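Line order of the protein sequences matches chains A and B. Residue numbers 3 to 392, in the numbering used here, belong to the letters of the first sequence in order. Residue numbers 3 to 392, in the numbering used here, belong to the letters of the second sequence in order. Backbone N, C-alpha and C define an ideal beta-carbon position, used for all residues, glycine too. Fair warning: this is a prediction, and the values are worked out from it, not measured in the lab. Below is one structure, written out as structure tokens; comments come after it.
There are 2 protein chains.
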Amino acid sequence: MNDRAVDRAAWENRDLEVGYDVPAEIGDLIEDIQTPALIIDLDAFERNCDRMRNFVETMGLRLRAHAKTHKSADIALYQTTRGGACGVCCQKVSEADALIRAGVTDILISNQVWGEKKMDRLARLAKKARVIVCVDDAANVSDLSRIMTKNDVVLEVLVEIDCGAARCGTGPGIPAVELAKQIAASPNLEFAGIQAYNGLAQHIIDGEERRSAIAASTAKAEKTVSLLRSAGLECKIVGGAGTGTFNLEGTSGVYNELQCGSYIFMDTHYGMVRGEDGERIGGFENSLFVLTTIMSRPEPGRAVCDAGLKAHSIDSGLPTVFDRTELAFVDASDEHGSINDPEATLLLGEKLKLVPGHCDPTCNLYDWFVAVRDGKVEALWPVTARGKLF
Amino acid sequence: MNDRAVDRAAWENRDLEVGYDVPAEIGDLIEDIQTPALIIDLDAFERNCDRMRNFVETMGLRLRAHAKTHKSADIALYQTTRGGACGVCCQKVSEADALIRAGVTDILISNQVWGEKKMDRLARLAKKARVIVCVDDAANVSDLSRIMTKNDVVLEVLVEIDCGAARCGTGPGIPAVELAKQIAASPNLEFAGIQAYNGLAQHIIDGEERRSAIAASTAKAEKTVSLLRSAGLECKIVGGAGTGTFNLEGTSGVYNELQCGSYIFMDTHYGMVRGEDGERIGGFENSLFVLTTIMSRPEPGRAVCDAGLKAHSIDSGLPTVFDRTELAFVDASDEHGSINDPEATLLLGEKLKLVPGHCDPTCNLYDWFVAVRDGKVEALWPVTARGKLF
Numbered sequence: 003m004n005d006r007a008v009d010r011a012a013w014e015n016r017d018l019e020v021g022y023d024v025p026a027e028i029g030d031l032i033e034d035i036q037t038p039a040l041i042i043d044l045d046a047f048e049r050n051c052d053r054m055r056n057f058v059e060t061m062g063l064r065l066r067a068h069a070k071t072h073k074s075a076d077i078a079l080y081q082t083t084r085g086g087a088c089g090v091c092c093q094k095v096s097e098a099d100a101l102i103r104a105g106v107t108d109i110l111i112s113n114q115v116w117g118e119k120k121m122d123r124l125a126r127l128a129k130k131a132r133v134i135v136c137v138d139d140a141a142n143v144s145d146l147s148r149i150m151t152k153n154d155v156v157l158e159v160l161v162e163i164d165c166g167a168a169r170c171g172t173g174p175g176i177p178a179v180e181l182a183k184q185i186a187a188s189p190n191l192e193f194a195g196i197q198a199y200n201g202l203a204q205h206i207i208d209g210e211e212r213r214s215a216i217a218a219s220t221a222k223a224e225k226t227v228s229l230l231r232s233a234g235l236e237c238k239i240v241g242g243a244g245t246g247t248f249n250l251e252g253t254s255g256v257y258n259e260l261q262c263g264s265y266i267f268m269d270t271h272y273g274m275v276r277g278e279d280g281e282r283i284g285g286f287e288n289s290l291f292v293l294t295t296i297m298s299r300p301e302p303g304r305a306v307c308d309a310g311l312k313a314h315s316i317d318s319g320l321p322t323v324f325d326r327t328e329l330a331f332v333d334a335s336d337e338h339g340s341i342n343d344p345e346a347t348l349l350l351g352e353k354l355k356l357v358p359g360h361c362d363p364t365c366n367l368y369d370w371f372v373a374v375r376d377g378k379v380e381a382l383w384p385v386t387a388r389g390k391l392f
Numbered sequence: 003m004n005d006r007a008v009d010r011a012a013w014e015n016r017d018l019e020v021g022y023d024v025p026a027e028i029g030d031l032i033e034d035i036q037t038p039a040l041i042i043d044l045d046a047f048e049r050n051c052d053r054m055r056n057f058v059e060t061m062g063l064r065l066r067a068h069a070k071t072h073k074s075a076d077i078a079l080y081q082t083t084r085g086g087a088c089g090v091c092c093q094k095v096s097e098a099d100a101l102i103r104a105g106v107t108d109i110l111i112s113n114q115v116w117g118e119k120k121m122d123r124l125a126r127l128a129k130k131a132r133v134i135v136c137v138d139d140a141a142n143v144s145d146l147s148r149i150m151t152k153n154d155v156v157l158e159v160l161v162e163i164d165c166g167a168a169r170c171g172t173g174p175g176i177p178a179v180e181l182a183k184q185i186a187a188s189p190n191l192e193f194a195g196i197q198a199y200n201g202l203a204q205h206i207i208d209g210e211e212r213r214s215a216i217a218a219s220t221a222k223a224e225k226t227v228s229l230l231r232s233a234g235l236e237c238k239i240v241g242g243a244g245t246g247t248f249n250l251e252g253t254s255g256v257y258n259e260l261q262c263g264s265y266i267f268m269d270t271h272y273g274m275v276r277g278e279d280g281e282r283i284g285g286f287e288n289s290l291f292v293l294t295t296i297m298s299r300p301e302p303g304r305a306v307c308d309a310g311l312k313a314h315s316i317d318s319g320l321p322t323v324f325d326r327t328e329l330a331f332v333d334a335s336d337e338h339g340s341i342n343d344p345e346a347t348l349l350l351g352e353k354l355k356l357v358p359g360h361c362d363p364t365c366n367l368y369d370w371f372v373a374v375r376d377g378k379v380e381a382l383w384p385v386t387a388r389g390k391l392f
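Shown next as structure tokens:
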């Protein structure tokens with residue numbers, strides 16, 4: 003072992019090495035997937051998509067599915083074909099770019115964009131696809147108009163109002179109308195409506211409290227739409243809603259585009275947000291899992307798996323072990339998860355499916371979705387916009 | 003805007019688009035870096051490396067710097083050349099592979115490896131570089147021996163003992179000796195010593211409590227080394243320690259390899275772990291920052307920046323705003339950070355440096371480190387092993 007001269011042939015055989023970094027091959031059994039891996043139960047995923055499509059079709063609404071959840075072109079294209087979506091949302095210009103390059107043709111950046119470089123990129127994208135952006139500030143509107151004019155392209159713009167989440171957004175009512183007027187009067191910008199998303203309300207566990215939060219948001223959106231109409235400004239898009247509240251905005255008569263993202267996958271936190279009937283919201287099932295392997299069992303009752311903080315995001319709580327209620331995921335460090343196993347049934351090398359605490363930042367940790375049906379790998383979908391932060 | 007025919011020339015000009023995904027160019031001013039971005043203050047980084055090198059040289063110890071912090075071949079090679087390290091650690095086979103392909107020649111996987119595919123890959127790596135691995139289970143030792151024999155390569159193996167962190171590891175003392183004997187008797191395995199890392203102790207804020215935890219760990223390591231010696235098994239490596247406790251294991255006379263990782267960067271949590279003198283541990287400075295831009299200022303006193311849960315990990319707490327004690331980062335959602343600005347000084351478009359709550363999982367979110375000196379970009383270092391989870 004002292005003379006470890008590099009084996010040049012092996013060294014240069016990089017393709018094989020890189021092949022190891024793909025978690026599975028088509029046709030592999032679940033047991034053969036390298037872990038930790040992000041897997042999708044395709045049957046559950048497709049049923050979730052059907053449930054949402056049925057809802058928007060019944061209500062006569064548009065679904066603009068949020069791609070910040072999955073960052074995958076394959077999933078975005080599934081949503082806009084079989085999933086009943088008119089287009090997708092994303093949060094960053096770089097995300098939009100990655101998705102548009104992969105074939106997405108109608109995209110709302112449901113966020114503010116600051117900085118000349120990002121606005122130039124936005125202008126380039128608006129030449130390739132339908133691109134819509136949000137604003138909440140007059141100076142931002144001026145910058146966007148200047149840069150779209152320079153690039154000879156027209157950009158659709160929504161006024162984002164703060165309808166209760168206390169994050170971004172101008173005040174509803176008069177301040178929103180002022181901003182809309184500025185947009186309408188700005189060269190190379192087209193006023194397209196309002197963005198009225200209450201992100202905080204999505205995760206309110208108590209059903210009555212959630213309903214009341216969305217009633218207040220909807221009233222602000224409705225008042226703003228009405229004032230805009232009086233000012234001669236029609237809202238082509240009244241957008242908002244997420245997985246936790248889509249049935250409330252969706253039946254309000256005010257919103258015409260729903261921006262749900264997590265419904266396709268669900269996660270531990272959304273599993274706690276229940277409908278009026280006490281059932282899982284929208285009937286959505288867990289279709290996203292972190293597949294993990296037991297790699298140490300230091301003493302009876304305590305096991306360690308290979309999925310830690312770099313394999314799932316704990317910002318909204320720890321994951322749960324799917325279909326194994328006797329097991330509890332109790333702690334995560336960077337590359338390890340600690341599991342309590344009071345019946346001492348876990349075996350070394352055994353695989354478990356974890357339901358992540360929060361699906362969006364979890365997906366952003368992976369290069370691949372491993373799509374599984376009937377115990378076998380059916381597809382590998384790249385996380386197209388993973389790490390696209392700008 | 004109704005006819006959005008794709009501009010084929012622009013569409014196919016992909017290089018330019020991809021160029022946008024690099025956060026900066028060499029020579030750019032900090033103000034021109036696209037955000038959110040992970041930046042390194044090179045002067046502070048180099049001083050941190052010097053401090054650790056001076057300590058191990060003075061104590062006559064080896065530093066095996068932990069690459070799970072940075073996952074960067076450039077930084078690993080800096081550590082093993084100018085930084086006084088004999089090699090590096092990592093946690094996963096895929097991480098080791100990425101770093102070895104990029105030129106690292108001496109690497110400890112400070113973790114258990116389960117599964118035939120991973121062990122085959124480990125064997126291939128052991129033909130290219132010095133590779134060491136940890137075990138805590140007899141069946142794992144048998145598997146490793148079988149697969150190394152099949153691949154005709156000898157692997158160095160450390161017995162991991164649980165010295166107080168209650169994660170992986172066999173019991174110290176007799177159980178460790180039994181496992182070491184099995185390794186020594188196994189074809190194509192070489193017993194190389196013990197792994198005795200107390201991860202829990204690194205983050206104990208109280209200095210006396212931390213010292214006491216490491217005194218207990220060290221006693222377990224010492225007893226194990228002594229029993230192994232009585233059994234005729236010398237420990238070439240007695241490894242452990244992290245940034246929070248390196249001075250304790252380093253002056254114990256028991257450990258000969260320190261595995262610190264975070265010392266190069268530091269973070270908000272390690273900033274709270276103080277030495278006996280009440281000063282920052284080891285004198286290490288913050289050299290790692292998430293550069294962020296203010297993108298909304300909905301009302302005086304409240305601002306929103308573009309760095310949320312996908313731009314830094316909050317598992318160990320929220321980030322702080324560097325050098326701006328009047329500002330408080332109070333909440334993070336997926337793509338937004340909320341900042342309290344009681345003096346209402348923040349401007350739209352202004353850039354801030356955040357000290358992340360936890361450096362390791364934060365680095366894993368990025369494709370690039372932007373290395374900065376004197377206000378200018380001096381280098382771009384890829385996060386070589388980002389997302390290498392297997």
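Taking residue i and residue j to be in contact with their CB atoms under 8 Å, please state how far apart those CB atoms are, rounded to whole angstroms.
| i | j | result |
| --- | --- | --- |
| V292 (chain A) | P321 (chain A) | 7 Å |
| V357 (chain A) | N288 (chain A) | 5 Å |
| Q114 (chain A) | N142 (chain A) | 6 Å |
| A67 (chain B) | V90 (chain B) | 5 Å |
| L436 (chain B) | I176 (chain B) | Since the first residue of chain B shown is 3 and the last is 392, residue 436 (chain B) is not available in this structure. |
| G252 (chain B) | L63 (chain B) | 6 Å |
| R53 (chain B) | G284 (chain B) | 6 Å |
| K238 (chain B) | A182 (chain B) | About 12 Å separates the two Cβ atoms, so there is no contact after all. |
| L290 (chain A) | I28 (chain A) | In fact, because the Cβ distance is near 19 Å, the residues do not count as touching under 8 Å. |
| V379 (chain A) | D369 (chain A) | Going by Cβ atoms, the distance from V379 (chain A) to D369 (chain A) rounds to 15 Å, so no, they are not a contact pair. |
Between which two residues does the alpha helix (DSSP H) containing residue i stretch?
| i | result |
| --- | --- |
| Q81 (chain B) | 75–83 |
| R66 (chain B) | Taken as a continuous stretch (DSSP letters only), R66 (chain B) belongs to no alpha helix (DSSP H), being part of the beta strand (DSSP E) at 64–68. |
| N142 (chain A) | 140–152 |
| T364 (chain B) | 361–365 |
| G209 (chain B) | 209–232 |
| A125 (chain B) | 118–128 |
For residue i, return the contacting residues in chain A, with the cut-off set at a CB-CB distance below 9 Å.
| i | result |
| --- | --- |
| A243 (chain B) | Ordered by position in chain A, no residue passes the 9 Å Cβ test against A243 (chain B), which lies about 16 Å from the chain. |
What does the Cβ neighbour count give for residue i, buried or exposed, with the cut at 16 atoms within 10 Å?
| i | result |
| --- | --- |
| G377 (chain B) | exposed |
| N4 (chain B) | Because the pLDDT of N4 (chain B) is 36, which lies under 50, any placement of that residue in the model is unreliable, and the number read from its coordinates should be weighed accordingly. Exposed, since its Cβ has fewer than 16 Cβ neighbours within 10 Å. |
| G234 (chain B) | exposed |
| L191 (chain B) | buried |
| N56 (chain A) | exposed |
| T1 (chain A) | A question about residue 1 (chain A) goes unanswered here, because the residues of chain A that appear run from 3 up to 392. |
| R123 (chain B) | buried |
| K152 (chain B) | exposed |
For residue i, go through chain B and note every residue whose CB falls closer than 8 Å to its CB, in chain order.
| i | result |
| --- | --- |
| F47 (chain A) | The contacting residues do not exist; F47 (chain A) stays about 20 Å from chain B at best. |
Strictly below 8 Å CB to CB, what residues from chain A border residue i?
| i | result |
| --- | --- |
| C170 (chain B) | M297, S298, P300, V306, H338 |
| Q93 (chain B) | D336, E337 |
| N366 (chain B) | K312, L367 |
| K70 (chain B) | D336, E337 |
Note the first and the last residue of the continuous beta strand (DSSP E) segment covering residue i.
| i | result |
| --- | --- |
| M61 (chain B) | M61 (chain B) -> not in any beta strand (DSSP E); alpha helix (DSSP H) instead, spanning 44–61. |
| M268 (chain A) | That residue, M268 (chain A), is in no beta strand (DSSP E); it is neither H nor E in DSSP. |
| V133 (chain B) | 132–137 |
Since residue i meets chain A, which of its residues come closer than 7 Å, beta carbon to beta carbon?
| i | result |
| --- | --- |
| V264 (chain B) | It should be pointed out that residue 264 (chain B) corresponds to Ser in this sequence rather than to Val. None at all; the shortest Cβ gap to chain A is about 11 Å. |
Who are the neighbours of residue i on chain D, taking C-beta pairs under 8 Å?
| i | result |
| --- | --- |
| R276 (chain A) | As a matter of chain content, chain D is missing from the structure shown, whose protein chains are A and B. |
Find the residues of chain B that neighbour residue i, judging by a C-beta separation of less than 7 Å, and give them in chain order.
| i | result |
| --- | --- |
| N249 (chain A) | Under the 7 Å cutoff, chain B gives no residues; its nearest Cβ is about 22 Å from N249 (chain A). |
| P363 (chain A) | L311, K312, D336 |
- Query: Which residues, in chain order, does the region 295–320 of chain A contribute to contact with chain B at a C-beta distance below 7 Å?
  - Reply: T295, M297, S298, P300, V306, L311, K312, A313, S315, I316, D317
- Item | Positions along the region 134–166 of chain A whose CB lies within less than 8 Å of some CB in chain B | D138, D139, A141, N142, V156, E158, D164
- Item | Interface positions of the region 186–215 of chain B facing chain A (Cβ-Cβ less than 7 Å), listed along the chain | E192, G201
- If you measure beta-carbon to beta-carbon, which residues of the region 107–118 of chain B are closer than 7 Å to chain A? N113, Q114, W116, G117
- Query: the region 340–361 of chain A: which residues have C-beta closer than 9 Å to a C-beta of chain B, in chain order?
  - Reply: S340, L350, G351, H360
- Chain-ordered residues of the region 71–91 of chain B with a beta carbon less than 8 Å from chain A: none
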